[in-house]
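In the UniProt record's numbering, the protein residues as written are 1 to 315. Working notes, structure below.
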């Protein structure tokens, strides 16, 4: 079964709020206290409001009556904890409190499959809970198929098939980067015991420790793909969620063009991209060190540009 990631359902729900009135109505109808209300605007990956709170809000909905709904979307993942120890539910609680203290009506919403809502001990930390299943009747075609796949995944524990070659490659890559490119912090393996399945081909960077925050831009994601079946070349990318349409009209800053990079859509994100050599996760790492180094040099160049010059990117 192909794994569904929460960023995919984030994008699904964001698009539904923007283009599917029946979805917006069903979502609000599922929340007590807002009968007949309408969605005025929706944004993704906005920053938490609580004092000293890091991290982002999956979806922020502003309603016609001025109220704000802060939505945390889950499929089957646990709750993240910041480096200073703030768990995700507490960050939503703090953001709601900050908005209410400023005079805004606000509430938090946990959006997840029914099995997740029943199983998490943190559901009560959110003001409202909405199941994927409650919204299913307003989806059709590919969107419905994606939602159903996410629901199925929630009741089917993910058990990646270990691939020793993949595990050895990723472990060696992370060790090489740690010693030779310490400013590029690679995320830890999400699977236990160093397991990597065959289909693992992406290196994810820890953006909080690698990239600067720019308050006028969405929180970025950064990754390097060893091989990209959806593009002519492997690449390293910094992505801004929900901004894919801007790729048609946005002109890359001169400072970015000087890195050898270019702008293109990356799913529903806007990607700042530098092409890199293709890597084979099934082959020995040592035989690919020159290509690995070239890719990491491109990643360092991309991160340095972002940290110095991304303020030139207009919101």
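Positions of the beta carbon are idealized from the N, C-alpha and C atoms, including for glycine.
Taking all protein chains in view, the Cβ of residue 145 is surrounded by fewer than 16 other Cβ atoms within 10 Å, so the residue is classified as exposed. Rounded to whole angstroms, the separation of the alpha carbons of residue 164 and residue 60 is 41 angstroms. Restricting attention to 271, 278, 39, the CA atom closest to the CA of residue 233 is found in 278. A direct Cα-to-Cα measurement between residue 206 and residue 186 gives close to 6 angstroms.
Taking residue 93 as reference, the option from 108, 41, 104, 176 with the minimal CA-CA separation is 108.
The beta-bridge partner set that DSSP reports for residue 307 is empty.
As computed with DSSP, residue 237 is found in a beta bridge with 223, 273.
Contact between residue 245 and residue 263 is absent: CB atoms are separated by about 12 angstroms, not below the 8 angstroms threshold.
Residue state for residue 197 is assigned as coil, using DSSP reduced to three classes.
Note on geometry: alpha-carbon atoms of residue 40 and residue 62 lie some 6 angstroms from one another. As for any alpha helix (DSSP H) of minimum length 4 sitting wholly inside the stretch 115-189, the runs are 132-135, 141-155, 164-180, ordered along the chain. Annotated three-state conformation of residue 313 is coil, per DSSP. Taking C-alpha positions only, residue 147 is separated from residue 153 by approximately 10 angstroms. Fully contained in the stretch 5-81 are the following alpha helix (DSSP H) runs of length 4 or more, in chain order: 6-19, 21-29. Rounded to whole angstroms, the Cβ separation of residue 311 and residue 236 is 21 angstroms, and the two are not in contact under 8 angstroms. Around the CB of residue 258, fewer than 16 other CB atoms lie within 10 Å, so the residue is classed as exposed. Between residue 76 and residue 116, the beta carbon gap of about 6 angstroms places them in contact (Cβ cut-off 8 angstroms). The shortest C-alpha to C-alpha distance from residue 201 to any of 180, 56, 171 is the one to 171. According to the DSSP assignment, residue 100 belongs to the alpha helix (DSSP H) that extends over 88-101.
Of the other Cβ atoms in all chains shown, 16 or more fall within 10 Å of the Cβ of residue 281; this residue is therefore buried.
Here residue 256 carries a helix assignment [DSSP, helix/strand/coil].
Spatial neighbours of residue 203 in its own chain (CB-CB distance under 7 angstroms, excluding positions within 5 residues in sequence) are listed in chain order as 173, 186, 223, 224. Per DSSP, the continuous alpha helix (DSSP H) segment holding residue 209 begins and ends at 207-210. Rounded to the nearest whole angstrom, the C-alpha separation of residue 307 and residue 214 is 9 angstroms. In the structure shown, residue 218 falls within a coil segment according to DSSP collapsed to helix, strand and coil.
In the three-state scheme derived from DSSP, where H, G and I count as helix and E and B as strand, residue 112 is classed as strand. Burial state of residue 260 is exposed, judged by a 10 Å Cβ sphere holding fewer than 16 other Cβ atoms. Annotation for residue 202: the continuous beta strand (DSSP E) segment containing it runs 202-204. Per DSSP, residue 244 is not a residue of any beta strand (DSSP E), being assigned neither H nor E.
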